Each structure stands twice: as structure tokens, then as C-alpha cells.
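Single-structure report; data block below.
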Amino acid sequence: MLRHRLYLNTGLGAGLALWLSTASAAVDGPSVHVYNWYDYIGPTTLADFKRDLGIMPVYDTFDSAEILESKLLTGGSGYDVVVASNFSLPTLIKAGVLEPLDPTKLPNLKHMDPALLAKLASNDPGNRYAVPYLWGTNGIGYNVDKVRAVLGEQAPVDSWDLLFKEENLAKLSQCGVALLDSPSEILPIALQYLGLPPNSSNPDDYQKAEALLLKLRPHIAYFNSSKFITDLSNGDICVAVGWAGGMLDAKANAEQAGNGVHIEYSLPKEGAPVWFDTLVLLKQAPHPTQGLAFIDYLMRPEVIAPITDHLRYPNGNRSATALVGAATRNNPAVYPSAETMARLFTLEPLPKKTERIRTRVWSKVKSGQ
126 MLRHRLYLNT GLGAGLALWL STASAAVDGP SVHVYNWYDY IGPTTLADFK
176 RDLGIMPVYD TFDSAEILES KLLTGGSGYD VVVASNFSLP TLIKAGVLEP
226 LDPTKLPNLK HMDPALLAKL ASNDPGNRYA VPYLWGTNGI GYNVDKVRAV
276 LGEQAPVDSW DLLFKEENLA KLSQCGVALL DSPSEILPIA LQYLGLPPNS
326 SNPDDYQKAE ALLLKLRPHI AYFNSSKFIT DLSNGDICVA VGWAGGMLDA
376 KANAEQAGNG VHIEYSLPKE GAPVWFDTLV LLKQAPHPTQ GLAFIDYLMR
426 PEVIAPITDH LRYPNGNRSA TALVGAATRN NPAVYPSAET MARLFTLEPL
476 PKKTERIRTR VWSKVKSGQ
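For the record, in the sequence shown the residue sitting at position 285 is 410 according to our numbering, with numbers rising by one throughout.
In C-alpha cells:
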């Protein structure tokens, strides 16, 4: 789930790499212990924090939500601040590992976008435990020229009809179609397309999604959560369902290679998933005061805007938008319009019984049986 940031092309800058190699040395003075996704912060953010607040950030990274949840649910992690996906929040809240955030100690909370907080509230009721850090969407990346060649100038690239109408997908299979290997992300899209709740717990709904996807399965080249980026940028496939950041990477790679491949990203009009990576404070944080200071620092508009420019993911800070570079700020693939945002939905953990149903459905779909 939510492995989007593993495939960024930003690279770990030399400055950040040096910082990570020295920050774990003996800490003399106040410190804060932070656990974040790999390559998911600005190259100077940590050093700037130390300079501005005089607090040493001791910084560790992980590369999957499963690793994060396992470490936190075991207890005694030693971390103060963690970057957790919105999908993980209900589990962490229920387990009692998160400390409610004190708004009086977060003066920069006023900069958060109310619309995004409202979306996040479906995973964190009342926005008690988490504030948005970076966020993004899942949609359709496509090779403009190849899709037009197959479906014509009126190809429905703004709709899930592009993939879920068999007559379209059958034609697109000539140039290659790939989907994420992720039942927790693809099945909610199929449910939404069918007019059903994307986070449904009704077994009958999953039978309908299964029937739809099995009909389409012969026309899908593969299910993979990383290969599609390279294949799309090289022109080896023409359509993929994946994360906005991955599609932007594919587009940038093609442009840098000068190979004539023109990639665009679409958020279908029927709706699409939106995800958040959030800043949370652990209940057993050894340095809670410094942890709150770190969270509040990342909510400064002048701090978060360069992180967005570096990583090409939007942030949850309404006041920071004007500070983000124009190319990123004005790109609807990064910052969707208010109309598009209204159609986006968050993903939620399902009861174990429903998760087992979803897993079985996905196994059938992948095998085509």
C-alpha cells in the first residue's frame, strides 16, 4: 500500500546523505527522533531545522507501510515524530500509539488547508492525531500519441471508461496496459466506477468488481507497482494506473531522454483515490516538546514549499501554495482543481473478513480464473 515514494527520481542529495551519516552520532543537547519514508524530505530541511531551532533531528527511514506499522505496534520504538499514511491512521489510533496533537502548541496549524483536513477526517475523525505533510492521487498515465492512434482524438482519457469499457481496453492492449499490483488501490477504483462504495464491506459488491475485472483481464499486460514507470517513459506501454508522482517521473524521464514519448496524467471525472502522508506524535515519544516543534516547523509555509518543489508532491499547507514554483503549482496533476478534489476519495482499512474477500478476488483477477 502506498509505495509511491519509492520510485522518485530525486535521488538522495549529497547534503542530506552527509546529514544522515552524522545525525546518528552522539547527540549533545535537545533532540527529536524522526521516522520517515526513504528520500521524502528536502535536502536541507533537517540542517535548517537544527540551525533555526537548535534541536538536533535524529532521522531514520523506512520503505514500506508494513514496516512502519510493525515497529509502532510492537511499542518502544524510541521515535517522537513519524510520517504515517492516512490508511494506517485508524489502526494506529485504535492501538493507542498516537498522542493527540495540542493545537495550542502548533501555531502554524492555521496554515493547513481546511478542504484537505476534511478529507483526512475520514481516517482521523476530528483531525485529532495527524496533520497533512504531503499528499497525492492515483489516476491514469498515458502515452498521448499512442492512445490517440488507437482510439482517435476523442479518446476518453478523462474517464475510467478508457480502461473499464472492454472495447476501449481491447484496442489499447495493442500498445500495452498496466495496473498497480495492489488490491487495496485498484478494487476501490473498480467499485467506484460501478457506482458502489469504494470502501465497501459488502461481499456482493466485490463479486461485481471481480466480474468487471475478469472480463478485462485478457487485455491487461501486467500488474506491477514499479515497472510501469520505466515502461511508460520508454513507450513500451501506452496506459498505466498508478500514482501521480510516478507518472510525473515517467513524463520527466521521457523528456530528458528526448525519445519523443509524450506522457500525460489524468484524474478521471468519476473520482479517484487521494492519499495523505501525515505527521503524528507518538504517545511514548521521549521528546514530545521537540516533536511538536518539528511538526510545527514543517507546517511553516517557507519550509514545506521547497520540499514540494524537490519531491513534486503537493503539501497540505494552503499558505505555502503561492511559494511553490509555478511549474509545480500550476500543474493540475500535482494540484487538482477544487472541482476535481471534490470527487476524490480516501481509502480506509477494511474488516479482516472483507480484506480476505478482497485478497481472494485479486488472486482470481491476476490469474484470470
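Don't be surprised by glycine CBs; every beta carbon is placed ideally from N, CA and C. Since we're looking at a predicted model, the values are computed, not measured.
- Using three-state DSSP, classify residue 480 as helix, strand or coil. helix
- Give the C-beta separation of residue 255 and residue 479 to the nearest angstrom, bearing in mind that I take them to be a contact with Cβ-Cβ under 8 Å. So it is not a contact: roughly 24 Å between Cβ atoms.
- Task: Give a yes or no on contact between the region 469-477 and the region 212-221, applying the rule of three or more CB pairs nearer than 8 Å.
- Result: yes
- Which of the three DSSP states, helix, strand or coil, is assigned to residue 453? helix
- Which residue from 196, 191 and 155 puts its Cα closest to that of residue 178? 155
- Task: May I have a chain-ordered list of the beta strand (DSSP E) segments no shorter than 3 residues that lie completely inside the region 345-425?
- Result: 364-368, 388-391 and 399-407
- Query: Any chance the region 441-461 sits against the region 178-192, with 3 or more Cβ pairs inside 8 Å?
  - Reply: no
- Message: Report the CB separation of residue 310 from residue 398 in whole angstroms; it is logged as a contact under 8 Å.
- Response: 6 Å
- Output yes or no for whether 8 Å exceeds the beta carbon distance between residue 362 and residue 302. yes
- Task: Would you kindly check if the distance between the Cβ of residue 223 and the Cβ of residue 406 is under 8 Å?
- Result: yes
- Message: Check whether the region 422-441 and the region 456-467 are in contact - that is, three or more C-beta pairs closer than 8 Å.
- Response: yes
- Touch test, the region 354-370 against the region 286-301, Cβ-Cβ under 8 Å, three pairs minimum: yes
- Message: Quick check on DSSP: helix, strand or coil for residue 162?
- Response: strand
- Message: With a threshold of 7 Å on Cβ separation, who are the neighbours of residue 273 within its own chain once the five nearest residues in sequence on each side are excluded?
- Response: 280
- For my contact list, residue 266 and residue 438 are in at a C-beta cut-off of 8 Å; report their separation, rounded to the angstrom. Residue 266 to residue 438, Cβ: 15 Å. No contact.
- Within 10 angstroms of the Cβ of residue 493, are there 16 or more other Cβ atoms? Answer buried if so, exposed if not. exposed
- Pull up the distance between the alpha-carbon of residue 269 and that of residue 390, whole angstroms please. 10 Å
- Just confirm the distance between the C-beta atoms of residue 205 and residue 282, as a whole number of angstroms; I'd bet it's less than 8 Å. Not a contact, Cβ separation roughly 44 Å.
- Own chain residues within Cβ distance below 6 Å of residue 187, not counting five before or after: 193
- Message: Between which residues of its own chain and residue 294 is the CB-CB distance below 6 Å, once the five residues before and five after are set aside?
- Response: 288, 341 and 344
- Query: For residue 451, does the count of other Cβ atoms within 10 angstroms reach 16, so buried, or fall short, so exposed?
  - Reply: exposed
- Three-state class that DSSP yields for residue 130 in the structure shown: Confidence in residue 130 is poor, its pLDDT being 45 and thus under 50, which makes the residue's placement unreliable; the coordinate value appears in the next sentence. In this structure, residue 130 counts as helix in the three-state DSSP scheme.
- Message: Taking 7 Å as the cut-off, is the beta-carbon of residue 345 closer than that to any non-hydrogen atom of the ligand NAD?
- Response: Of ligands this structure carries none, so the ligand NAD is not represented either.
- Just the Cα atoms here: how many angstroms apart are residue 394 and residue 314? 12 Å
- Item | Outcome for residue 383 when other beta-carbon atoms lying within 10 angstroms are tallied against a minimum of 16 | exposed
- Message: Using only CA atoms, which one of 233, 292, 229 and 308 lies nearest to residue 484?
- Response: 308
- Relative to the alpha-carbon of residue 353, which residue among 338, 370 and 339 has its alpha-carbon at the smallest distance? 370
- Report yes if the CB atom of residue 211 is closer than 8 Å to the CB atom of residue 248, and no otherwise. yes
- Have a look at 333, 185 and 250 and flag the residue whose alpha-carbon is nearest the alpha-carbon of residue 208. 185
- Query: How is the beta strand (DSSP E) around residue 466 delimited, first residue to last?
  - Reply: That residue, residue 466, is in no beta strand (DSSP E); its alpha helix (DSSP H) goes 463-466.
- Item | Opening and closing residue of the beta strand (DSSP E) in which residue 263 lies | 255-268
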